[in-house]
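According to our numbering, the sequence shown holds residues 34 to 500 in order. Worksheet for the structure shown next.
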Amino acid sequence: MTFVPSAADVAAYLDQHMGREPGTKIQYGHPSPRFWQVREAPLNELLAPLDPHKPLNLYLHIPFCPPTDPEACGFCLFAREDYQSYQAVDAYVTDLLVELGHVAARVGRRTLRTLYFGGGTPNLLNEASIRQIFARLHQLFDIPPGCETTLEGTPGLFTPGRLEALHEVGVNRISIGAQVLKAHLLKYSGRTQRNEHIVRTVDFCKARGIHCSVDLITGWFEQTPDDVVDDVRLLHGWGVDGIVNHPLTLGGDSEFARNKHRLPPIEVSRDAFLAGRATLLELGYRADSYTDYCRADLRPVQFLEMYRDALHNDRLGVGYGANSLFAGTVDRPGHTYKNVVGRDPYHGRLSAGRSAVESVFDFNRVDLQLIYVLKGLEGSPWLDATAYAQEFGSSLADDFAPFWQVLTERGWLTWNDGHPQLQGDGIFYTSEVQRCLSEPRNAGLRGAARRREPGSLSLGAAAALDA
Ligand SMILES: C[S@@+](CC[C@H](N)C(=O)[O-])C[C@H]1O[C@@H](n2cnc3c(N)ncnc32)[C@H](O)[C@@H]1O
Ligand code: SF4
């Protein structure tokens, strides 16, 4: 297969990249958004691969965040902006509901499998906005009782009144961004949360039967493996249902990226990440991916399953910067696309009755194979050779043979009864391993971009020739 690197290339790539902060899946997509075609595609065309037989998952993006010094908590790479006035939030919610109306008019009144409010900081919405959004959602979609409905946010904004409103409208999963629990580490982000805010939110969730998960970041300034272990134990003691252990992703012009020479050495970050993992497993959590852990007596989070099984789930994102992905089928691959970023461009598009879409990538069969394998490397349920053969009509062992060989030689991978699984340090380097695997395809897309005629935007078509 032309998209698989040689064993020498795999080894060279990993040697070259292992010294860097590896980053996490949160910034990871295939192919890299750098190769998506910039075009404002009409919604009718974009929504065509949506399959009425596949579960539909809806994501709503709320970009506003409490301002911090340093900006954007010092590390954040999401599409977000500082909160300035509630008027701006109100105007944005109006636009969001307009976009929602446009897509719903085309997809019909579908039943949702999951609903997710991400950001930014969705718990900055006031009770009136929360009720307004849910009233419209119920007009446009069938949201069955118990539909997994997640809202994420910062600890301080999960106030009792807001939590009551969220519970009343059916939010049954809360994701709290804590990042670190010790004040001397938290200060680097400029965030003003206190641990009492987390305890109060967890207690509320427990009393109402709401699933409650907390995000941590490892690889932070001054942070030691013991700090991560302490945070995990503290959260466990408070009774959380899930913990997410993100390796720090550096990028762009963030304060953390500018000062990366002051971050702990990569070996310390790796040990901190793996110490956090070992503690979580020891405390009885189940690893549902290399970053996501859940109490073993609870079923895996459906939102996570949806991301992992991208070929068999449709994901519709609304709001500025939101992503959608409709994989289509192996014989008729679909596409992924992203909305414009920024309140003004987003409003401009919607007020003119235009689509909010800014860039699109049309998959080919190879992309679907890669997405399937890349997501399957993130953890349980692991890749499955039998399912791969059924899906693509070829052998998982043979199609990626040089790749398995090098990872096995490093002690990063083991084949367990037809399931290739990352292990040991390989788990920490998951996203680097993923990048390594998708690099030849990205290189093909880079070549296609260089070769294409000036003025032509047909990157998707050139990419198909390359594969
Ligand atoms: C949209 S954000 C968070 C929600 C909320 N605004 C907050 O900060 O509490 C989702 C999660 O992504 C993670 N995250 C954001 N930027 C990251 C980065 N650069 N590296 C690692 N994790 C990051 C954080 O753990 C964060 O809680
Ligand atoms: S981490 Fe959360 S609060 Fe901080 S900038 Fe990112 S989205 Fe906003």
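Ideal Cβ placement from N, Cα and C applies to all residues, glycine included.
Quick one: residues in its chain with C-beta nearer than 7 Å to the C-beta of residue i, no 5 flanking neighbours on either side, listed in chain order?
| i | result |
| --- | --- |
| residue 43 | 435, 436, 439 and 469 |
| residue 364 | none |
| residue 59 | Since pLDDT at residue 59 reaches only 42, below the 50 mark, its modelled position is unreliable, and the value read off the structure follows with that caveat. Around residue 59: 279 and 282. |
| residue 475 | 64, 65 and 68 |
| residue 463 | 323, 410, 411 and 455 |
| residue 383 | 128, 131, 132 and 389 |
Can you tell which of the options has its C-alpha closest to the C-alpha of residue i?
| i | options | result |
| --- | --- | --- |
| residue 152 | 450, 477, 350 and 428 | 350 |
| residue 427 | 466, 465 and 399 | 399 |
| residue 190 | 429, 177, 175 and 211 | 211 |
| residue 223 | 178, 137, 102 and 300 | 102 |
| residue 358 | 135, 401, 37 and 307 | 401 |
| residue 288 | 254, 193, 270 and 79 | 254 |
| residue 207 | 192, 221 and 217 | 192 |
| residue 305 | 260, 482 and 181 | 260 |
| residue 160 | 419, 200, 293 and 142 | 200 |
| residue 235 | 227, 273 and 372 | 273 |
| residue 266 | 311, 241 and 229 | 311 |
| residue 178 | 414, 166, 324 and 204 | 204 |
| residue 105 | 373, 290, 41 and 78 | 290 |
| residue 198 | 180, 227, 166 and 294 | 166 |
| residue 188 | 458, 225, 325 and 425 | 225 |
| residue 374 | 111, 338, 416 and 446 | 111 |
| residue 342 | 424, 441 and 229 | 424 |
| residue 338 | 87, 372, 170 and 414 | 414 |
| residue 242 | 221, 72, 372 and 181 | 181 |
Identify whether residue i lies in helix, strand or coil by the three-state DSSP scheme.
| i | result |
| --- | --- |
| residue 59 | In this predicted model, residue 59 has a pLDDT of only 42, less than 50, meaning its place in the structure is not dependable; the value taken from the coordinates is given anyway. Here residue 59 sits in helix by DSSP. |
| residue 448 | strand |
| residue 371 | strand |
| residue 494 | Bear in mind that the predicted position of residue 494 carries a pLDDT of just 31, short of 50, making it unreliable; the figure below should be weighed with that in mind. Note: residue 494 maps to helix in three-state DSSP. |
| residue 135 | helix |
| residue 228 | helix |
| residue 94 | strand |
| residue 19 | Limits of the chain in this structure are 34 at one end and 500 at the other, which puts residue 19 out of reach. |
| residue 180 | coil |
| residue 245 | strand |
| residue 114 | strand |
| residue 238 | helix |
| residue 333 | coil |
| residue 86 | coil |
| residue 262 | helix |
| residue 473 | helix |
| residue 186 | strand |
| residue 365 | coil |
| residue 100 | coil |
| residue 70 | strand |
| residue 321 | coil |
Less than 6 Å between C-beta atoms, sequence neighbours within five positions excluded: which residues of the same chain meet that for residue i?
| i | result |
| --- | --- |
| residue 149 | 92, 183 and 336 |
| residue 100 | 115 |
| residue 119 | none |
| residue 269 | 316 |
| residue 82 | 359, 361 and 367 |
| residue 271 | 232 and 235 |
Should residue i be counted as a contact of ligand 1 given a C-beta to heavy atom distance under 8 Å?
| i | result |
| --- | --- |
| residue 248 | yes |
| residue 279 | yes |
| residue 435 | no |
| residue 310 | no |
| residue 359 | no |
| residue 471 | no |
| residue 255 | no |
| residue 350 | no |
In its own chain, which residues sit with a C-beta less than 8 Å from the C-beta of residue i, not counting the 5 before and 5 after it?
| i | result |
| --- | --- |
| residue 74 | 370, 388, 390 and 393 |
| residue 218 | 253, 254, 255, 256 and 260 |
| residue 97 | 113, 114, 115, 116, 121, 122, 125, 152, 153, 154 and 157 |
Below 9 Å between beta carbons: does that hold for residue i and residue j?
| i | j | result |
| --- | --- | --- |
| residue 309 | residue 251 | yes |
| residue 585 | residue 452 | With the chain covering only 34 through 500, there is no way to say anything about residue 585. |
| residue 129 | residue 94 | yes |
| residue 461 | residue 303 | yes |
| residue 322 | residue 403 | no |
| residue 466 | residue 47 | yes |
| residue 185 | residue 264 | no |
| residue 345 | residue 355 | no |
So does residue i have its beta carbon nearer than 8 Å to some heavy atom of ligand 2?
| i | result |
| --- | --- |
| residue 212 | yes |
| residue 453 | no |
| residue 152 | yes |
| residue 98 | yes |
| residue 376 | no |
| residue 227 | no |
Check whether chain C comes within 9 Å of residue i, counting only Cβ atoms and requiring the distance to be less than that.
| i | result |
| --- | --- |
| residue 266 | Annotation note: the requested chain C is absent from the structure, which comprises a single protein chain. |
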